[in-house]
Amino acid sequence: MTTNILVFDVETTGLLPRQISNLAECPHILQLSYLVYDGAKIVKKYNTYVRVSEQITITPEITNMTGITREKCNGGVPILDALWTMYADYVMCGCVVAHNIEFDTKMIQVELERHHAPAELRKLMNLGFEKAINIRRYCTMMNSIELCAIKTTGKNKKGEPYEYNKWPRLSELHAHLFGFVPDGLHDAMVDVEACLKCYILMHG
């Protein structure tokens with residue numbers, strides 16, 4: 001069984017709705033980045049912007065946060081081309097890692113559905129397929145909740161306040177493990193490299 005690990009991240013036009021009733025309500029992937037790590041070194045890096053329709057709005061807020069502009073996307077590739085590239089490496093890995101992996105995998109599934117991807121490509125980030133060929137998933141966010149132990153407050157069903165450990169941002173996890181926040185976060189490739197560093201230390 002392969003020990004290769006695929007670490008990935010996407011930057012998007014926004015957040016997913018709580019309930020997906022219509023693909024038109026879902027955001028679009030603007031940048032896809034991943035790397036393959038063999039347990040000793042990075043053996044591949046892939047980073048691309050995604051060519052999206054002119055009808056898709058890239059807000060100033062997204063540009064300010066990620067640095068992604070319409071010009072960068074116009075120089076990118078169609079999303080299915082990027083996902084085919086990813087799929088070829090994905091099937092050769094034994095573990096898939098991301099920070100908030102539920103969001104990133106769901107975004108890939110949304111794009112596969114939106115662009116009527118063929119059956120072979122729909123295996124990408126499919127839990128049933130991963131189980132069949134023994135690909136594990138690891139979320140650095142969910143696995144670091146107690147490690148970071150960042151307290152916040154919420155309200156229960158009765159409206160009473162209570163304290164709990166929140167989901168740590170990648171910046172917060174990196175700062176907890178290494179004592180600083182890396183420059184350039186929210187660029188998908190910077191996030192991927194930071195996520196790998198955190199994963200390695202968490203598995204030290």
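Residue numbers (the UniProt record's numbering): 1 to 204. Just so you know, even glycine gets a beta-carbon here, dropped at the ideal spot from N, CA and C. Predicted, not measured: the structure shown is a model, and the values here were computed from it.
For residue i, the nearest candidate out of the options (CA to CA)
i: D9; options: N143, V96 and G154; result: V96
i: D81; options: D187, P118 and T105; result: P118
i: L196; options: I20, T2, T140 and T153; result: T140
i: N165; options: G154, Y49 and M107; result: G154
i: I56; options: L32, R18, Y37 and G14; result: G14
i: Y199; options: T2, Y37 and L32; result: Y37
C-beta contact flag for residue i and residue j at 8 Å
i: L124; j: M86; result: yes
i: G94; j: N4; result: yes
i: L6; j: Y34; result: yes
i: I20; j: Y49; result: no
i: T12; j: M107; result: yes
i: A188; j: N47; result: yes
i: K151; j: E160; result: no
Contacting residues, own chain, Cβ-Cβ under 7 Å from residue i (five flanking each side not counted)
i: V182; result: First, the amino acid is wrong: residue 182 is Pro here, not Val. Result list for P182: H174, V190 and A194, in chain order.
i: V52; result: H28, L30 and C73
i: W84; result: L121
i: L185; result: L170, S171, D191 and A194
i: I79; result: I29, V50, E111 and H115
i: Q109; result: M125
i: G76; result: T48, Y49, V50 and R51
Cβ shell of residue i (< 8 Å), same chain only, five flanking positions each side left out
i: H176; result: S144, L147, C148 and P168
i: E130; result: V96, R136 and R137
i: T2; result: M92, C93 and G94
i: I133; result: V91
Cβ-based neighbour list, residue i, same chain, cut-off 6 Å, excluding 5 preceding and 5 following
i: I58; result: R70
i: K45; result: L35
i: T66; result: E11 and H186
i: N156; result: Y162
i: L201; result: L177
Supposed close pair residue i, residue j - CB separation, criterion 8 Å
i: A98; j: D104; result: 5 Å
Measuring CB atoms only, is the segment 98 to 116 touching the segment 19 to 35, in the sense that at least three cross pairs come out at less than 8 Å?
yes
So does the segment 40 to 47 actually touch the segment 58 to 78, counting three or more Cβ pairs closer than 8 Å?
no
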